[in-house]
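Student: Quick one: the structure is below, questions incoming.
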Amino acid sequence: MRISYSSLENFKNCPLKYKYSEIDKIKEPKTKEAIFGNYIHQVLKWFYQQDPHFPTLEGLLEYYYNHWPTSTGKPQKEKAYLRSQGFSWQDEHEEKDYFQEGMRILEEYYKKNFPPKSIIMDLETKFEAVVDETPNEPGGKHILTGVIDRIDKLPDDTIEIIDYKTGKRIPSQNDVDTNLQLSIYALGLQRKWPKIKLENLRLSLYFLKFGEKIETSKTQEDIIKTQEKIIDLIHQIQKSSFEPKSSPLCNWCGYRPLCPLWRHLYEDTLAKELNGINIEQKIDEYFKLREEKEKLDSQLKELKNIIELYSRQKGLKRVFGNNGSFNQEVNHKISFDKNKLKEILEPLGKWDEILAIDPKKLQKVMKEIPPELREEIEKIKKIEKSYQYLEADNKSKKDWEEELH
Ligand code: SF4
Numbered sequence: 018m019r020i021s022y023s024s025l026e027n028f029k030n031c032p033l034k035y036k037y038s039e040i041d042k043i044k045e046p047k048t049k050e051a052i053f054g055n056y057i058h059q060v061l062k063w064f065y066q067q068d069p070h071f072p073t074l075e076g077l078l079e080y081y082y083n084h085w086p087t088s089t090g091k092p093q094k095e096k097a098y099l100r101s102q103g104f105s106w107q108d109e110h111e112e113k114d115y116f117q118e119g120m121r122i123l124e125e126y127y128k129k130n131f132p133p134k135s136i137i138m139d140l141e142t143k144f145e146a147v148v149d150e151t152p153n154e155p156g157g158k159h160i161l162t163g164v165i166d167r168i169d170k171l172p173d174d175t176i177e178i179i180d181y182k183t184g185k186r187i188p189s190q191n192d193v194d195t196n197l198q199l200s201i202y203a204l205g206l207q208r209k210w211p212k213i214k215l216e217n218l219r220l221s222l223y224f225l226k227f228g229e230k231i232e233t234s235k236t237q238e239d240i241i242k243t244q245e246k247i248i249d250l251i252h253q254i255q256k257s258s259f260e261p262k263s264s265p266l267c268n269w270c271g272y273r274p275l276c277p278l279w280r281h282l283y284e285d286t287l288a289k290e291l292n293g294i295n296i297e298q299k300i301d302e303y304f305k306l307r308e309e310k311e312k313l314d315s316q317l318k319e320l321k322n323i324i325e326l327y328s329r330q331k332g333l334k335r336v337f338g339n340n341g342s343f344n345q346e347v348n349h350k351i352s353f354d355k356n357k358l359k360e361i362l363e364p365l366g367k368w369d370e371i372l373a374i375d376p377k378k379l380q381k382v383m384k385e386i387p388p389e390l391r392e393e394i395e396k397i398k399k400i401e402k403s404y405q406y407l408e409a410d411n412k413s414k415k416d417w418e419e420e421l422h
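Just so you know, the working numbering puts 352 at position 335 of the sequence shown, and the rest follows in order with no gaps.
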């Protein structure tokens, strides 16, 4: 199988997104965050291409200004770039906010990183990493492709791989240490330049919004684990039913208008009707009734407390009204001597029946054990039966829409 790193990442984040992009070949409409991120990458690439005649800060910002993918009146040299992405800013304010954010990012980047202390070895380096699942067998080889933003040679001869990120959150050191993207880059670099030793390789993610670079390194053992992870992911792709996976990443997904989790938000009123029933009205009715039910439940609870208090104080086991009565019942929390119970049930072949794994308890334990053991348990998980059910969520259409914008 030939697969790009970004496709693998897409599958990990959401199998349906992978399907739209890689199987259905539907081009993902770019979100403004993606356009903005690509543009900042483009400006930094241009900056380093000027090596050794690096521009001044003013020169860098001038390039940024002149090539800004505008739609509302800013300098327009590259307006075609924006049009080619089928994109326009929502309004002038939105564009201004993004534009200023880009200026801030680049200014801070320049002040922190100029003059460069390293030699720029390559920019936007294409690589292919080979993962041999079953050597000597046709089809056992997988090729992973990707592009590394920048490769530097540091004064101590260490090689540094740098990937720029324009996201709004910064991960922990542990997240970066276990980051699959960087492991794949190391794998790709090893193939492209076999003379580079892992111990001389530094892998960095540069979080442009925060002006922070987080570094990590890899051992040969990490590389073997990465290969296993890749093979495992490829197997998952091969048997996947490509279900949507809701996550905060949906906010940046261009397939929302197609995705069954979000499509309804984009449909017009007519499409929301079926057999003369307007589903929006029905959903609103449901939540109104649920609210009334919650009020009634709370009133019932209050009444029950009053009745309970009365019967306790009066020492009564049963109290009567005109429409019904209440009995005082006792509930016991029970436990058994595990060994003795086993002695009785095991010879009858009934012991295993009562030892059924409690998925809720297992979920709690999963949170407390190391990630590699969690992965092991995930691998042996079998879905015995699936059933669909509707889950109500208090978030309104407006709340969802606000979150998406
Ligand atoms: S919107 Fe979310 S769930 Fe739907 S395809 Fe995109 S990432 Fe997957």
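For each residue, glycine too, the CB sits at the ideal point set by N, CA and C. Since this is a predicted model, take the numbers as computed values, not measurements.
Mind checking who Thr162 pairs with in its DSSP beta bridge?
Tutor: Ser21, Glu145
Student: Beta strand (DSSP E) containing Asn344: first to last residue?
Tutor: 342-344
Student: Answer with buried or exposed for His349, where buried requires no fewer than 16 other C-beta atoms within 10 angstroms of its C-beta.
Tutor: Counting the other Cβ atoms within 10 Å of the Cβ of His349 gives fewer than 16, which makes it exposed.
Student: Since Asn295 sits in a beta bridge, which residues does DSSP pair it with?
Tutor: According to DSSP, Asn295 bridges with Glu290.
Student: If you run the structure through DSSP and keep just helix, strand and coil, what is Arg100?
Tutor: Note that Arg100 has pLDDT 48, beneath the 50 cutoff, so the model's placement of it is unreliable and the number below is only indicative. Note: Arg100 maps to helix in three-state DSSP.
Student: Can the beta-carbon of Asn27 be found less than 7 Å from the beta-carbon of Leu266?
Tutor: no
Student: For Tyr22 versus Leu161, is the C-beta distance shorter than 7 Å?
Tutor: A Cβ-Cβ contact shorter than 7 Å links Tyr22 with Leu161.
Student: Ignore the nearest five residues each way along the sequence and tell me which others in Thr151's own chain have a CB closer than 7 Å to its CB.
Tutor: Hits under 7 Å: Gly157.
Student: Any chance you could list the residues with Cβ under 7 Å from a heavy atom of the ligand SF4, keeping chain order?
Tutor: Asn30, Cys31, Leu33, Lys34, Tyr37, Pro261, Lys262, Ser263, Ser264, Leu266, Cys267, Cys270, Tyr272, Arg273, Cys276, Leu278, Trp279
Student: Which partner residues of Asp180 appear in the DSSP bridge assignment?
Tutor: Leu222
Student: Let me make sure I understand the geometry here. Which of Asp139, Gly163, Glu145, Tyr80 has the alpha-carbon closest to that of Glu124?
Tutor: Tyr80
Student: Would Leu99 be called buried (16 or more neighbouring beta carbons within 10 Å of its own) or exposed?
Tutor: Low per-residue confidence applies at Leu99: pLDDT is 48, beneath 50, and the placement is therefore not dependable, though the value from the model is reported in the following sentence. Leu99 counts as buried, since no fewer than 16 other beta carbons sit within 10 angstroms of its beta carbon.
Student: I'd like to check one pair, Ser221 with Lys214: are the Cβ atoms closer than 7 Å?
Tutor: no
Student: Please name the residue or residues paired with Thr233 in a DSSP beta bridge.
Tutor: Leu220
Student: Please confirm whether Thr183 and Leu225 have their CB atoms less than 7 Å apart.
Tutor: yes
Student: Below 8 Å on the Cβ atoms is my contact criterion, and I expect Lys179 with Asp169 to pass it. Report the Cβ-Cβ distance as a whole number of Å.
Tutor: This sequence places Ile at residue 179; Lys is not what is there. That belief holds up - the Cβ atoms of Ile179 and Asp169 are roughly 7 Å apart, short of 8 Å.
Student: How would you write the range of the alpha helix (DSSP H) that Phe53 sits in, first residue to last?
Tutor: 49-66
Student: Consult DSSP for Val347 and reduce its assignment to one of helix, strand or coil.
Tutor: coil
Student: Output needed for Arg280: all residues of its chain with C-beta closer than 8 Å, excluding positions within five of it in sequence on either side, in chain order.
Tutor: Here the set comprises Arg273, Pro274.
Student: Return yes when the Cβ of Leu74 is within less than 7 Å of the Cβ of Tyr127, no when it is not.
Tutor: yes
Student: Quick check on Lys367: does DSSP put it in helix, strand or coil?
Tutor: Coil at Lys367, not helix or strand.
Student: Report the residue from Pro86, Lys299, Asn356 whose alpha carbon sits nearest the alpha carbon of Leu372.
Tutor: Asn356
Student: Note the first and the last residue of the continuous alpha helix (DSSP H) segment covering Arg335.
Tutor: Where Arg335 is concerned, there is no enclosing alpha helix (DSSP H), although the beta strand (DSSP E) it sits in stretches over 335-337.
Student: Kindly indicate which three-state DSSP category Ile201 falls into: helix, strand or coil?
Tutor: helix
Student: So the alpha helix (DSSP H) His70 belongs to, where does it begin and stop?
Tutor: Boundaries for His70: no alpha helix (DSSP H) harbours it, and the DSSP string shows neither H nor E there.
Student: Once DSSP output is grouped into helix, strand and coil, what is the label at Lys212?
Tutor: coil
Student: Less than 7 Å separating the beta-carbons of Ser13 and Leu278?
Tutor: Given that the chain is displayed from residue 18 to residue 422, the structure contains no residue 13 and the question cannot be resolved.
Student: Starting from Asn268, trace the alpha helix (DSSP H) both ways and give me its first and last residue.
Tutor: Neither: Asn268 is in no alpha helix (DSSP H) and is coded neither H nor E.
Student: Quickly, what does DSSP pair Lys170 with across the bridge? List them, please.
Tutor: Ile136, Ile176
Student: Does DSSP put Ser328 in a helix, in a strand, or in coil?
Tutor: Of the three classes helix, strand and coil, the one that applies to Ser328 here is helix, per DSSP.
Student: Find out if the Cβ-Cβ distance for the pair Ser32, Phe259 is shorter than 7 Å.
Tutor: Correcting the residue type first, residue 32 is Pro in the shown sequence and not Ser. Yes.
Student: Beta-carbon within less than 8 Å of Asp354's beta-carbon, same chain only, minus the 5 sequence neighbours each way: which residues are those?
Tutor: none
Student: Using beta-carbon positions only, say whether Arg219 and Thr286 come within less than 7 Å of one another.
Tutor: No; because the gap between Cβ atoms is not below 7 Å, this pair is not in contact.
Student: Skipping 5 residues on each side, what residues in its chain have a beta carbon closer than 8 Å to that of Lys289?
Tutor: His281, Asn295, Ile296, Glu297
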